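Trainee: Quick one: structure below, then a few questions.
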Amino acid sequence: MRKFTLNIFTLSLGLAVMPMVEAAPTAQQQLLEQVRLGEATHREDLVQQSLYRLELIDPNNPDVVAARFRSLLRQGDIDGAQKQLDRLSQLAPSSNAYKSSRTTMLLSTPDGRQALQQA
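Written out as structure tokens, the structure reads:
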């Protein structure tokens, strides 16, 4: 009977801990969150450090390319941002990251801003 009780206890403990293990964010998710935090708090150093690490982990991740695109756009590097947008269109043309980046690029141009004002 004691062995049976111990097994049930072990099983229930294992089931209780299981969601915590699955919910643990990966290093990549944590770095993407740091990028978002850096963007929100205007800490470009945090954004650049996180992007550097993300590009080492997975340089072809659409979220990483989109984050680099936003960084270049904030720095005023329109040509570099356009290259990242073109790269993103090749990597994941139907992704939300590409659609959002395309809209952001459109709104960063004078023609796009004028079209928005007229709408």
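Count the sequence shown with mature numbering (1 follows the signal peptide of the UniProt record, and there is no 0) and you get residues -23 to -1, 1 to 96, in order.
Just so you know, even glycine gets a beta-carbon here, dropped at the ideal spot from N, CA and C.
The structure displayed is predicted, hence computed values, not measured ones.
Of all the options A1, G57, L65, G53, which has the alpha carbon lying nearest to the alpha carbon of R79?
Mentor: To locate residue 79, count along the sequence shown from 1; it is residue 102. R79 has its Cα closest to that of L65, out of A1, G57, L65, G53.
Trainee: By how many angstroms is the C-alpha of R30 removed from the C-alpha of Q7?
Mentor: What you label residue 7 is simply residue 30 of the sequence shown in a count that begins at 1. What you label residue 30 is simply residue 53 of the sequence shown in a count that begins at 1. Computed Cα separation, rounded: 11 angstroms.
Trainee: By alpha-carbon positions, which one of A69, R51, L33, Y75 ends up nearest to T86?
Mentor: As a working mapping, residue 86 is identified with position 109 in the sequence shown. With distances taken between Cα atoms, T86 lies closest to R51.
Trainee: Using only the alpha-carbon positions, how far apart do A1 and K76 sit?
Mentor: Looking up residue 1 in the sequence shown gives position 24. Looking up residue 76 in the sequence shown gives position 99. Rounded to the nearest angstrom, the two C-alpha atoms are 29 angstroms apart.
Trainee: For G89, name the three-state secondary structure that DSSP assigns.
Mentor: For the purposes of this step, residue 89 is taken as the residue at position 112 of the sequence shown. Helix.
Trainee: Assuming the contact rule is C-beta atoms closer than 8 angstroms, L23 and G15 should be a hit. Round their C-beta distance to whole Å, please.
Mentor: Start at 1 with the first residue of the sequence shown, and residue 23 comes out as number 46. Start at 1 with the first residue of the sequence shown, and residue 15 comes out as number 38. Going by Cβ atoms, the distance from L23 to G15 rounds to 3 angstroms, so yes, they are a contact pair.
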